[in-house]
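Number of protein chains: 2
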Amino acid sequence: MNRQWVLAQRPVGLPRHSDFAKREVPVPTIKDGEVLVKILYAMMDPAIRNFLNAAGSYMTPLPLGSPIVGVVLGRVEQTASPALQVGMIVSGFGSWSDYVAAPAGNFSRVPDDLGSRLEDYTHPLGTIGATAHHGLLSVGNLAAAESVLVSGCAGAVGSLVGQIAKLKGAARVVGIAGGPEKCRRACESYGYDECIDYKETRDLSAAIRKALPQGANVYFENVGGAMLQAALDNITKNARIVVCGLIAAYNAVEPLAGPTNLWNLVVNTAQIRAFRVADILPQHAYLRTIHSEIAAWIKSGRLVYKVDVRDGFDAIPDSFGCLFSGAHDGRLVVKIND
Amino acid sequence: MNRQWVLAQRPVGLPRHSDFAKREVPVPTIKDGEVLVKILYAMMDPAIRNFLNAAGSYMTPLPLGSPIVGVVLGRVEQTASPALQVGMIVSGFGSWSDYVAAPAGNFSRVPDDLGSRLEDYTHPLGTIGATAHHGLLSVGNLAAAESVLVSGCAGAVGSLVGQIAKLKGAARVVGIAGGPEKCRRACESYGYDECIDYKETRDLSAAIRKALPQGANVYFENVGGAMLQAALDNITKNARIVVCGLIAAYNAVEPLAGPTNLWNLVVNTAQIRAFRVADILPQHAYLRTIHSEIAAWIKSGRLVYKVDVRDGFDAIPDSFGCLFSGAHDGRLVVKIND
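Now the structure itself:
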């Protein structure tokens with residue numbers, strides 16, 4: 001049988017367990033060109049929250065009763081495509097299920113010559129690593145000796161952004177996170193020179209100014225809202241604001257207030273550049289370049305990361321909720337099958 | 001004697017005549033490397049409004065009692081620099097004065113081989129032409145067959161942006177302006193396929209969607225506020241939002257509300273790119289390329305424009321006020337001296 005978590009009702013604000021329902025359906029059969037993938041890990045990505053909203057929200061809404069979609073890591077069990085063979089480990093868009101049948105092109109084989117553990121493909125060698133590397137270096141166009149500011153800096157993406165910035169010669173890397181524990185990890189493990197605890201900071205703009213008196217050449221935005229407003233007060237001439245996600249907007253019941261200081265973009269001839277990692281996933285050669293560089297850093301011990309693995313299919317809804325409460329440490333994934 | 005308009009008090013909201021005071025001072029003497037320029041035309045640019053605000057606003061504030069600064073067109077009367085000779089027509093940053101003494105490098109000679117009238121150097125062959133051309137083509141990176149949306153489309157910059165977009169093969173060019181007269185001019189004279197009268201439009205976002213069902217590849221932003229919010233609802237994948245100015249912010253007493261739909265940037269992997277024409281003014285070769293192309297369009301009758309010349313030094317404060325009330329037609333300049 002094929003277990004699935006489906007959308008029982010649309011969450012209002014933070015997602016709750018009761019928004020999801022478990023069902024069992026037959027294992028799907030594949031058609032020509034498709035593969036059957038047994039899902040080993042389901043990735044808990046904040047962006048999934050967007051798909052759960054009703055029409056009129058930003059993303060194409062997931063119909064009620066549909067399996068929840070997201071990035072998965074799995075193994076090919078059956079194939080009707082020359083592109084993928086049985087036994088290959090693949091990643092791609094799947095769902096919160098034991099099995100998914102889809103065109104082979106929806107999945108890409110994870111490189112097995114990088115000498116890494118399976119879990120690594122859920123984090124630095126998966127979409128998170130690609131997001132951090134591509135966002136900071138290609139979208140943000142970070143140059144050596146520049147300064148970097150990162151919101152959500154102790155999260156999966158942020159934890160890599162800080163380290164990659166340092167590995168590429170950034171002069172100063174400042175993070176923003178919520179709570180002393182996250183700030184400690186950011187500085188001790190993830191390369192940050194300083195971390196601002198926004199929960200303990202009355203004037204975030206002033207706190208950033210103190211931590212980065214010259215301003216940020218690159219601001220890596222994961223959060224939005226008040227973070228973006230405070231960051232806009234502290235950008236350098238020709239700064240790049242890289243928008244990877246706006247977590248503050250995902251669970252918002254009301255539209256998130258926009259920054260009132262966009263004029264700072266003009267004063268600094270700065271840019272806001274949004275990107276989606278999904279757009280680069282089909283660029284296999286580019287992706288391989290990114291992951292090879294990251295694999296080399298891992299092998300030489302210069303890039304640390306943590307995968308927070310929750311165990312079992314039934315753990316998915318609560319794990320997803322943890323993503324927004326901050327009750328996790330590192331990249332949050334659920335191991336569904338061995 | 002040298003007449004000057006100085007800042008008498010900081011405007012609150014729209015600038016009034018009483019915010020400025022007239023005084024007479026001696027004609028300045030020049031030092032080594034400087035030139036004395038007799039000002040012929042003072043340009044009425046919305047950006048000047050920013051300099052009048054107090055510290056804490058976005059720009060470096062002009063001290064009370066100082067001459068109002070801005071772009072001028074003038075003639076070299078005395079020179080102590082080999083770079084500029086007496087009699088040359090030059091443009092650069094000056095002030096609302098009869099004479100200004102400044103380093104020769106502050107001024108650039110207007111090209112006298114483009115076969116144009118003196119007034120043309122205040123508009124298509126001056127900073128306005130450079131703003132429209134550079135902003136749309138280099139910053140906005142407009143490609144043929146793309147769609148363009150322009151706020152403030154009947155203003156000086158907007159009137160050129162629409163025409164340049166069409167000359168470069170844009171598929172559809174839609175403008176936003178206030179009032180039927182401006183909208184008529186935009187469509188009849190300035191190349192716009194359609195113009196939305198925002199004063200007569202309850203739902204600006206829906207009106208843009210109707211005029212541009214496929215969305216805007218480039219949005220040329222002169223205004224900000226509600227315009228930006230509505231435009232963000234109507235951008236294409238990989239859209240470029242070019243921010244030239246945010247007129248709505250200039251006279252705002254309270255901070256302008258920010259767009260609540262920045263998530264659309266992520267959905268569309270779009271960019272906001274701000275620029276200042278002042279940054280390209282020192283790039284003489286690039287500027288000359290821009291102005292040569294514009295001069296060719298003028299000569300072949302393919303670019304129309306209007307200079308609204310107000311006469312006399314005393315007309316400056318009221319002319320500046322007209323800039324924000326919309327009681328002008330085309331590029332607003334004041335002719336100070338012959």
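Chains as they are written, first to last, in this note's numbering: chain A, 1 to 338; chain B, 1 to 338.
Just so it is clear, CB atoms sit at the ideal spot from N, CA and C, and this is done for glycine as well.
In this text the structure is predicted, and so the values were computed from the model without any measurement.
Which stretch, first to last residue, makes up the beta strand (DSSP E) that contains B:MET43?
-> It spans 34-43 - the beta strand (DSSP E) in which B:MET43 sits, taken as one unbroken run.
Interface positions of the segment 259-274 of chain B facing chain A (Cβ-Cβ less than 8 Å), listed along the chain = Contact annotation: in the segment 259-274 of chain B, residues whose CB is within less than 8 Å of a CB in chain A are PRO259, THR260, ASN261, LEU262, TRP263, ASN264, LEU265, VAL266, VAL267, ASN268, THR269, ALA270, GLN271, ILE272, ARG273, ALA274.
For A:LYS335, does the three-state DSSP call read helix, strand or coil?
-> A:LYS335 falls in the strand class under three-state DSSP.
Span separating the alpha-carbon of B:SER138 from that of B:GLY74 | In a straight line, the C-alpha of B:SER138 is about 29 Å away from that of B:GLY74.
Taking the CB atoms as reference points, tell me whether A:GLY77 and A:VAL25 lie closer together than 9 Å.
-> Per the sequence presented here, residue 77 of chain A reads as Glu, with Gly not at that position. Contact flag unset, no.
Would you verify that the beta carbon of A:LEU228 is, or is not, closer than 9 Å to some beta carbon of chain B?
-> Taking CB atoms only, A:LEU228 has a neighbour in chain B less than 9 Å away.
State yes or no: is the C-beta of A:ALA295 nearer than 8 Å to some heavy atom of the ligand ADP?
-> The ligand content of the structure shown is nil, which means the ligand ADP is not present either.
Could you have a look at A:CYS183 and say whether DSSP puts it in helix, strand or coil?
-> For A:CYS183, the three-state secondary structure derived from DSSP is helix.
Chain A residues whose Cβ lies nearer than 8 Å to that of B:PRO255 = Within 8 Å Cβ-Cβ: THR260, ASN261.
By Cβ distance below 8 Å, which residues in the same chain neighbour B:ARG109 in space, the five residues on each side in sequence not counted?
-> Short of 8 Å from the beta carbon of B:ARG109, and not among the five residues preceding or following it, lie these beta carbons of its own chain, in chain order: LEU84, MET88, ILE89, VAL90.
First and last residue of the alpha helix (DSSP H) that includes A:ARG209?
-> Residues 204-211.
Check whether the Cβ atoms of A:GLY152 and A:ASN222 sit closer than 9 Å, and answer yes or no.
-> Result yes, Cβ atoms of A:GLY152 and A:ASN222 sit closer than 9 Å.
For A:VAL243, go through chain B and note every residue whose CB falls closer than 8 Å to its CB, in chain order.
-> Residues of chain B with a Cβ closer than 8 Å to the Cβ of A:VAL243 are, in chain order, LEU262, LEU265, VAL266.
Name the DSSP bridge partner or partners of B:ILE176?
-> BP columns for B:ILE176 point to B:SER151, B:ILE196.
Examine chain B for any beta-carbon lying closer than 9 Å to the beta-carbon of A:GLY169, and answer yes or no.
-> Closer than 9 Å: no.
Test item: CB-CB of A:GLN9 and A:LEU62 under 9 Å = With a cutoff of 9 Å on beta-carbon distance, A:GLN9 and A:LEU62 are scored as not near each other.
Could you have a look at A:GLY70 and say whether DSSP puts it in helix, strand or coil?
-> In the structure shown, A:GLY70 sits in a strand (DSSP, three-state: E or B).
Just curious, the beta strand (DSSP E) that B:TYR219 is in, first and last residue?
-> Its beta strand (DSSP E) spans residues 216-221.
Between the C-alpha atoms of A:TYR198 and A:HIS291, what's the straight-line distance to the nearest angstrom?
-> Taking the straight line from one Cα to the other gives about 32 Å.
Under 9 Å between the Cβ atoms of A:LEU265 and A:GLN271?
-> In this structure, A:GLN271 lies closer than 9 Å to A:LEU265 by Cβ.
Measure the alpha-carbon distance for B:LEU118 versus B:TYR305 and round it to whole angstroms.
-> In a straight line, the C-alpha of B:LEU118 is about 14 Å away from that of B:TYR305.
Taking B:THR260 and A:LEU228 to be in contact with their CB atoms under 8 Å, please state how far apart those CB atoms are, rounded to whole angstroms.
-> The C-beta distance from B:THR260 to A:LEU228 rounds to 12 Å, too long to fall under 8 Å, and the pair is not in contact.
Cβ of B:LEU246 less than 9 Å from any chain E Cβ?
-> Among the protein chains of the structure shown, namely A and B, there is no chain E.
Residue-level contact to chain A via CB, B:ASP314, 9 Å cutoff = It does not: the Cβ of B:ASP314 has no partner Cβ on chain A nearer than 9 Å.
Taking only beta-carbon atoms, is B:ASP45 less than 9 Å away from chain A?
-> Taking Cβ atoms only, chain A never reaches closer than 9 Å to B:ASP45, which makes this a no.
Could you spell out where the beta strand (DSSP E) holding B:GLY94 opens and where it closes?
-> Looking at the DSSP string, the run of the beta strand (DSSP E) that includes B:GLY94 is 89-95.
A:PRO11 beta carbon less than 9 Å from that of A:LEU40 | It is not a contact, given that the beta carbons lie outside the stated cut-off.
Find the nearest neighbour of B:ASP113 within the set B:CYS183, B:TYR121, B:GLY179, judged by alpha-carbon distance.
-> Among B:CYS183, B:TYR121, B:GLY179, the Cα nearest to that of B:ASP113 is on B:TYR121.
Beta-carbon proximity list for A:VAL277, same chain, < 6 Å, skipping 5 on both sides = The beta carbon of A:VAL277 sits closer than 6 Å to the beta carbons of THR127, ALA130, THR131 from its chain, once the five residues preceding and following it are set aside; these are given in chain order.
Tell me whether A:ALA295 sits in a helix, a strand or coil according to DSSP, three-state version.
-> Correct three-state label for A:ALA295: helix.
Taking the CB atoms as reference points, tell me whether A:ASP45 and A:GLY13 lie closer together than 9 Å.
-> No.
Candidates B:VAL157, B:SER116, B:ALA47: which alpha carbon is nearest B:LEU136's?
-> Each of B:VAL157, B:SER116, B:ALA47 was checked against the Cα of B:LEU136, and the nearest Cα belongs to B:VAL157.
Apart from the five residues just before and just after B:ALA170, which ones in its own chain have a Cβ nearer than 7 Å to its Cβ?
-> Only LEU142, GLU146, SER147, VAL148 meet the Cβ criterion.
In this structure, does DSSP put A:ILE272 in helix, strand or coil?
-> In the three-state DSSP reduction, A:ILE272 falls in the strand class (E or B).
Quick one: what does DSSP say A:ILE241 is sitting in, helix, strand or coil?
-> Strand.
Under 9 Å between C-beta atoms of B:VAL333 and B:ASP314 = No; because the gap between Cβ atoms is not below 9 Å, this pair is not in contact.
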